[in-house]
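All remarks here apply to the structure that follows.
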Amino acid sequence: MRRLPIVLLAGAIVFALGSCEAPPDEPRLVCGVRFAAPAGFDPLEPFEEEYPDHVGVRLGFRDERGREFHVFAGIPGEFGEGLPAAGSVPLTEDRVGSLAGRARVWVLTWEEGGRCDPRAALGNGFTRKGFRAALVDAGLAPAA
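In numbering that gives the first Met the number 0, the protein residues as written are 0 to 143.
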């Protein structure tokens with residue numbers, strides 16, 4: 000019978016420690032990117048990664064030709080690692096992104112300031128021109 004109070008005490012300690020991460024009245028920020036899926040692309044399974052102060056997200060889309068378009072917000076990492084730098088790209092809302100890629104794989108990264116950086120868009124199966132068109136169609140880049 001002495002085990003029950005110890006188990007209850009241990010459970011109360013775990014509950015108290017677990018609640019130190021975020022107050023119950025302050026939900027954790029779920030990151031997002033202001034964009035629309037490019038025309039003809041269907042959604043893939045979304046992905047969320049939890050961090051102490053936010054939830055990073057990846058949203059993916061695929062078209063009937065097998066091309067994929069993904070957007071990321073708040074997931075740290077080296078986007079485009081190993082791909083050659085390919086210049087900068089003007090984005091909507093007076094932002095500028097860094098482009099990396101070659102052949103059929105392109106990655107655009109940018110920052111907006113805050114917990115949800117870095118932000119990235121990845122295109123697989125696109126030419127450079129096609130990826131740029133998908134960025135415009137998604138509302139991330141202005142029409143040329």
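Glycine included, C-beta positions come from ideal geometry on N, C-alpha and C.
Predicted model only: the values in this text are computed from it and were never measured.
Restricting attention to Ala-142, Val-56, Ala-132, Ala-143, the CA atom closest to the CA of Gly-31 is found in Val-56. When the alpha-carbon of Ala-84 is set against those of Pro-42, Arg-127, Glu-49, the nearest one is in Arg-127. Across the set Asp-52, Val-70, Leu-121, the C-alpha of Asp-52 shows the shortest separation from the C-alpha of Gly-113. Residue environment for Val-95: exposed (fewer than 16 other C-beta atoms within 10 angstroms of its C-beta). Counting C-beta pairs with one atom in each stretch, the region 56-67 and the region 104-112 have fewer than three that are closer than 8 Å, which means they do not touch. Leaving aside the five residues that flank Ala-38 on each side, the residues in its chain whose CB is nearer than 7 Å to its CB run, in chain order, Asp-136.
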